[in-house]
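See structure below.
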Amino acid sequence: MPKFRKKPVMIEAVQFDGSHECAEKIVAWVNRSTGYTPTAGTNPPILFYYGEMRIRTLGGEITGNKGDWIIKGVKGEFYPCKPDIFE
221 MPKFRKKPVM IEAVQFDGSH ECAEKIVAWV NRSTGYTPTA GTNPPILFYY
271 GEMRIRTLGG EITGNKGDWI IKGVKGEFYP CKPDIFE
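Numbering (our numbering), first residue to last: 221 to 307.
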């Protein structure tokens, strides 16, 4: 099977340390970036729930845990990533 190297790209990312304070900063960042304004009856793009970051994507909900990086992709999408991706 052939092997390929992906192009390196610059992204924005924040490492989730599991704290409520960190979660609030990440939620605010995602909301600002997506233009989301909390209103009754709407589903936010990201939630802090029992120590996890839950991110809504087109493919469904993805969970980020303590130590994971929350990444803003090149098309403005958000997703969690394990820390070893940057090592």
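Positions of the beta carbon are idealized from the N, C-alpha and C atoms, including for glycine.
Just list the residues that DSSP pairs Phe-236 with in beta bridges. By 1-based counting over the sequence shown, the position of residue 236 is 16. Answer by DSSP bridge pairing: none, since Phe-236 is not bridged.
Comparing alpha-carbon positions, which option in Leu-267, Gly-296, Thr-259, Thr-277 lies nearest Glu-244? For the purposes of this step, residue 244 is taken as residue 24 along the sequence shown, with counting starting at 1. Selected option, being the one with the closest Cα: Leu-267.
Here's a check: name, in chain order, each residue in its chain whose Cβ is nearer than 6 Å to the Cβ of Glu-281, leaving out the five neighbours to either side. Start at 1 with the first residue of the sequence shown, and residue 281 comes out as number 61. Around Glu-281: Arg-274.
Residues of its chain near Asn-285, where Cβ-Cβ distance is below 7 Å and the 5 sequence neighbours each way are ignored: Your numbering for residue 285 matches position 65 in the sequence shown. Glu-272.
Beta-carbon proximity list for Val-247, same chain, < 7 Å, skipping 5 on both sides: As a working mapping, residue 247 is identified with position 27 in the sequence shown. Only Ile-266, Phe-268 meet the Cβ criterion.
Expressed to the nearest angstrom, what Euclidean distance is found between the alpha-carbon atoms of Trp-249 and Phe-224? As a working mapping, residue 249 is identified with position 29 in the sequence shown. As a working mapping, residue 224 is identified with position 4 in the sequence shown. Approximately 33 Å between the Cα atoms of the pair.
When we look at the beta-carbon of Asp-237 and count the other beta-carbons within 10 Å, is it buried (16 or more) or exposed? Reading the sequence shown from its first residue, position 17 is the one you call residue 237. Per the 10 Å Cβ criterion, exposed.
Within a Cβ cutoff of 8 Å, which residues of the same chain sit near Val-227, ignoring the five residues on either side of it in sequence? One-based indexing of the sequence shown puts residue 227 at position 7. Reading off the sequence, residue 227 comes out as Lys, not Val. If we look at Lys-227 and ignore the five residues flanking it on each side, it has no Cβ neighbours.
Look up Arg-252 in the DSSP assignment and say whether it is helix, strand or coil. The count along the sequence shown starts at 1 and reaches residue 252 at position 32. Correct three-state label for Arg-252: helix.
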